[in-house]
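Asker: Oh and the sequence shown: position 173 is 173 in our numbering, straight run, nothing missing.
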Amino acid sequence: GNATMGSGVDKHALERSSYEVLTGAADIRDAITKAEQAGYDLLPANADLTAAEVELLQMPQRERRLREALNSINGRYDYILIDCPPSLNMLTLNALVAAQSVIIPMQCEYYALEGLTALVSTIEDVRDNLNPFLKIEGLLRTMYDPRNRLAGDVTAQLSKHFGDKLYRTVIPRNIRLAEAPSHGQPALVYDKASRGAKAYLALAGEMLRREEMASAGA
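1) Output needed for A51: all residues of its chain with C-beta closer than 6 Å, excluding positions within five of it in sequence on either side, in chain order.
2) Which word fits G39, buried or exposed, when buried means at least 16 other C-beta atoms lie within 10 angstroms of its C-beta?
3) Rounded C-beta distance between Y19 and L49? I'm assuming under 8 Å.
4) I'd like the list of long-range same chain contacts for I136, defined as Cβ closer than 8 Å, with 5 residues on each side in sequence excluded.
5) With respect to the alpha helix (DSSP H) encompassing Y110, which residues constitute its N-terminal and C-terminal limits?
6) Hey, would you say L140 sits closer than 8 Å to A99, going by beta carbons?
7) Pull up the distance between the alpha-carbon of L70 and that of R147, whole angstroms please.
8) With distance defined between alpha-carbon atoms, name the residue in Y77, R76 and N94 nearest to C84.
9) What is the rounded straight-line gap between the Cα of L224 and the Cα of P44?
10) How should K11 be labelled, buried or exposed, when 16 other C-beta atoms within 10 angstroms of its C-beta is the threshold for buried?
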């Protein structure tokens, strides 16, 4: 529900959500709503999504529920971003099975490197057994503080092991990014001139340039 509230949509006033879609109680086309402030369509979520984790375990093809739902709107969008929970659970597995690629956000901290190792292993397992098209799109450093020596050390490790998969753009620690969700607004609406908002705009530009280069080289 965090991405829902951060998009300016009230998660407490939803008629349908991703929970109903995953459990088969609603069609995804009926659950998608317009995030007016943000300017994009959204499949919203609320606290009910937590219950879906348990219910999915009892369902056939449980790891493919999201992919099946997204297949029904294939061709409707140029890009679909799936916001995942920070844990490797059934909801995250559904996202990995449905996705073509993964963007990994991470803080430049020691424990984040350990978590990254586990996530990369999971991605490889999913690619081998459930989704042969899955790849790592890029790694994004968040809450970045260049004054922190550890940030430089972690960056060096990421660059060594992932090369050009590491985005040049970093998302800095920025109070305006932290404030935006409490106002029910996307960061670009709350304060487009903030360092955090500008960083996300720069990231979008970098991602599009990468895609153009990949298409040109194909």
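C-beta atoms are modelled at their ideal positions from N, C-alpha and C, and glycine is treated no differently.
Answerer: Reading off the structure:
1) Mapped onto the sequence shown, residue 51 falls at position 51. Closer than 6 Å at Cβ, skipping near neighbours: no residue.
2) Indexing the sequence shown from 1 puts residue 39 at position 39. Result: exposed.
3) In the sequence shown, residue 19 corresponds to position 19, counting from 1. In the sequence shown, residue 49 corresponds to position 49, counting from 1. Indeed they touch by this definition, with Cβ atoms about 5 Å apart.
4) What you label residue 136 is simply residue 136 of the sequence shown in a count that begins at 1. Result list for I136: S101, V102, I104, V120, I123, F162 and K165, in chain order.
5) The residue labelled residue 110 in the question sits at position 110 within the sequence shown. It spans Y110 to N129 - the alpha helix (DSSP H) in which Y110 sits, taken as one unbroken run.
6) By 1-based counting over the sequence shown, the position of residue 140 is 140. By 1-based counting over the sequence shown, the position of residue 99 is 99. The answer is no: Cβ separation not under 8 Å.
7) By one-based count along the sequence shown, residue 70 stands at place 70. By one-based count along the sequence shown, residue 147 stands at place 147. In a straight line, the C-alpha of L70 is about 42 Å away from that of R147.
8) For the purposes of this step, residue 84 is taken as the residue at position 84 of the sequence shown. Nearest option by C-alpha distance: N94.
9) Outside the displayed range of the chain (1 to 218) lies residue 224, so it cannot be described from this structure.
10) Position 11 of the sequence shown, counting from 1, holds the residue named residue 11. Classification of K11: buried, given that the 10 Å Cβ count is 16 or more.
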